[in-house]
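Count the sequence shown with this note's numbering and you get residues -12 to 523, in order.
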Amino acid sequence: MLALTLDTRPPLIERDFLALGEGGLGPAGRLAVNSRCIERDGRPWMPVMGEFHYSRCPDDEWADELHRLRAGGIDIVASYVFWNHHEAAEGQFDWRGRRSLRRFAQLAQAAGLMFYLRPGPWVHAEARNGGLPDWLQARPPLRCNDARYIGAVRRFFGEIGHQLQGLLWCDGGPLVGVQVENEYDGRGPGRGAEHIAELKRIAQDSGLRVPLWTVTGWPTLDIPPREVLPVSGAYPDGFWGGGTGPQPPSGVFAFNTGRSIGEMGNVGGTAPEGRIDPAHYPFFLAEAGGGMHVSYHRRPVLSTDDVAACALVQIGSGANLYGYYMYHGGANPGRGLQETQASGYPNDVAEIGYDFRAPLGQYGQLRATYGRLRSLHSFLAAFGSELALMDTSVGDSTDPADLTQLRIAARAAGDSGFVFVNNHCRHHPLPDFSGVQLALARDDGRVQTLPAAPVDVPSGAYFIWPLGQRLGAALMPHATVQPLTRWTEGGSVNWIAFVVPGVRAELCFDAATLRALDSPAHTRSEVHDGRLTLSC
-12 MLALTLDTRP
-2 PLIERDFLAL
8 GEGGLGPAGR
18 LAVNSRCIER
28 DGRPWMPVMG
38 EFHYSRCPDD
48 EWADELHRLR
58 AGGIDIVASY
68 VFWNHHEAAE
78 GQFDWRGRRS
88 LRRFAQLAQA
98 AGLMFYLRPG
108 PWVHAEARNG
118 GLPDWLQARP
128 PLRCNDARYI
138 GAVRRFFGEI
148 GHQLQGLLWC
158 DGGPLVGVQV
168 ENEYDGRGPG
178 RGAEHIAELK
188 RIAQDSGLRV
198 PLWTVTGWPT
208 LDIPPREVLP
218 VSGAYPDGFW
228 GGGTGPQPPS
238 GVFAFNTGRS
248 IGEMGNVGGT
258 APEGRIDPAH
268 YPFFLAEAGG
278 GMHVSYHRRP
288 VLSTDDVAAC
298 ALVQIGSGAN
308 LYGYYMYHGG
318 ANPGRGLQET
328 QASGYPNDVA
338 EIGYDFRAPL
348 GQYGQLRATY
358 GRLRSLHSFL
368 AAFGSELALM
378 DTSVGDSTDP
388 ADLTQLRIAA
398 RAAGDSGFVF
408 VNNHCRHHPL
418 PDFSGVQLAL
428 ARDDGRVQTL
438 PAAPVDVPSG
448 AYFIWPLGQR
458 LGAALMPHAT
468 VQPLTRWTEG
478 GSVNWIAFVV
488 PGVRAELCFD
498 AATLRALDSP
508 AHTRSEVHDG
518 RLTLSC
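As structure tokens, this is what we get:
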């Protein structure tokens, strides 16, 4: 019996702290952000974001690949803008062909996607100089409010603003957000928060008026507190690690609400400090591993379970925006544009290929992760509006190195919610657990035990169980099947779930809310304390 105390209180939502800017109202509706989530037309919304670098893909493939993102359940496509792909020679910009940012944004909208812009100016992305042109790299100081550097940034951002003119959300276009800088660890006068604020001003002066402004929430989080949203990351493995063998148990497979997951591979090598205040900022991810890049010294191959279990754990830990890096792989548009030790960076990586073992590969190939993650995206699309307002409660097993306990968490509000279970950890197989039951204690003293009969949880399993679900007038207090989607049609609620391999299916209904029930002949039923339990 595993015990978990649920936080079922009404959520605390702060709306008067963030001052991100204008641009949230457009012909397609209103977008806003509060301390918990994004709101779309005043309703909580949990979108899925996927990174796809336009200049790392032939432009005649963009339309098909963007439609594949949308079919995979992606709502927002994000892309870095590599400065050295566009201004290799100072003052000579190239926005043609595979470098046409404007056409990529237009095709994203045609595919039904929103667009999130990540212009840097330093982006990393395993690019030479982090994407800064060689001519600029030779003129320090960089990544600060030095007048000469700021002048070059102003010209670069001005070009980006011109490319995206008329394509903002407020204009009826797809652009909903901008992330400035990346993995930034600067501090002091003209750096840190002062520099991030200056970059945002330059972007706004360039015409980029959007409802969402973000910055990576690692390593030091010296940011203007009201001006930007810190976003997190979660990678199941890292090519940047100095070793060549299996890594220790990763924190991405253990439920944790701290938002400080571990070293993220930033060039400075500084670990996150865990300074994101949940009272002010929602839990958003922009770099959750959809796969992993390779270096010459370390070539990790992530399994489907590695990627999908990591995603489930972050959602169970409270994430309300899930952004993949990468969701679609690519290839550098020329030679010599990759990160190397010769260019002063920690890793030697492939000169052309940036496949990343992503759900959609370098050539658009579909990997097994594409379909596996699609089931999670369907769940978020159907249930995200209520999930976004549910607080997270975590079980006893929060230590990634503890491989002896079943890892559980729950997100709940009132009598409804979802239980998250993970029994997968990359490189470190977790044991089978027999006879599992949960005792969920609520604020009013009630304890809900589920399932009615103990179940086995096999090694490698990870899943979501529903709590207190309404299927029309019928009430389902719990089930051991994973919700996939739901919709209302003709006054009827269609609620779809699937059986988790190796876990016995059980559905429990409040008998008083049922008028009739049609179940397969092989289903066993039992009525006890006013509840009808079906199992098979």
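For every residue, glycine included, the Cβ atom is placed at its ideal position computed from N, Cα and C.
Pairing Q352 with G404, the inter-Cα distance amounts to about 36 Å. Ranking I263, E260, Y41 and L18 by CA distance to the CA of D158 puts L18 first. For A184, the three-state secondary structure derived from DSSP is helix. In this structure, the straight-line span from the alpha carbon of D264 to that of L208 is close to 11 Å. Ranking G382, L519 and F370 by CA distance to the CA of L471 puts F370 first.
For G37, the enclosing beta strand (DSSP E) has its first and last residue at V35 to E38. For the options T(-8), G13, A6 and R30, the alpha carbon positioned closest to that of L376 is the one of R30. Of the residues E9, I451, A397 and P223, the one whose Cα lies closest to the Cα of R429 is A397. Assignment of V68 by DSSP, reduced to helix, strand and coil, places it in the coil class.
In terms of Cβ geometry, A92 and F102 form a close pair [threshold 9 Å]. The alpha carbon of L360 has as its nearest neighbour, out of A58, G145 and P(-3), the alpha carbon of A58. When DSSP states are grouped into helix, strand and coil, A134 belongs to the helix group. Rounded to the nearest angstrom, the gap between the Cα atoms of L186 and L53 is 29 Å. Distance between R518 and T500, taken at the CA atoms: about 10 Å.
Here the alpha carbons of H465 and W452 stand approximately 7 Å from one another.
The shortest C-alpha to C-alpha distance from H72 to any of L119, S290, E113 and R90 is the one to L119. If you ignore the 5 residues before and after V281, its C-beta comes within less than 6 Å of the C-beta of F226, all in its own chain and listed in chain order. Boundaries cannot be given for C24, as no alpha helix (DSSP H) includes it and DSSP labels it neither H nor E. DSSP, reduced to helix, strand and coil, places F343 outside both helices and strands of the structure shown, so it counts as coil. For the pair V197 and G10, the CB atoms are nearer than the 9 Å cut-off. Sorting Q234, E168 and L123 by C-alpha distance to the C-alpha of P206 places E168 at the top.
Residue state for F4 is assigned as coil, using DSSP reduced to three classes. Going by DSSP, I302 is part of the alpha helix (DSSP H) stretching over T291 to G303. Close CB contacts of A76 within its chain, under the 6 Å cut and outside five residues either way in sequence, are absent. For D62, no beta strand (DSSP E) encloses it, and the DSSP letter there is neither H nor E.
Judged by pairs of C-beta atoms under 8 Å, the segment 218 to 238 does not touch the segment 132 to 152, as fewer than three such pairs exist.
In terms of Cα proximity to E38, the closest of E493, P223 and G278 is G278. A distance of 9 Å or more separates the beta carbons of G382 and A448. A buried status is given to F242, since no fewer than 16 other beta-carbon atoms sit within 10 Å of its beta-carbon. For V423, the CB contacts under 8 Å within the same chain, skipping 5 residues up- and downstream, are L(-11), L393, P441, V442, D443 and V444 in chain order. Judged by beta-carbon spacing, L437 lies within the 9 Å limit of V406, meaning their Cβ atoms are closer than that value. Taking the CA atoms as reference points, V480 sits about 9 Å from A460. In this structure, Y171 is the residue among T(-5), H414 and Y171 with its C-alpha nearest to the C-alpha of P217. For E513 and G478, the gap between their C-alpha atoms comes out near 29 Å. Unbroken alpha helix (DSSP H) runs of no fewer than 4 residues, entirely contained in the segment 428 to 467, are not found. Between Q325 and R85, the CB-CB gap reaches or exceeds 9 Å.
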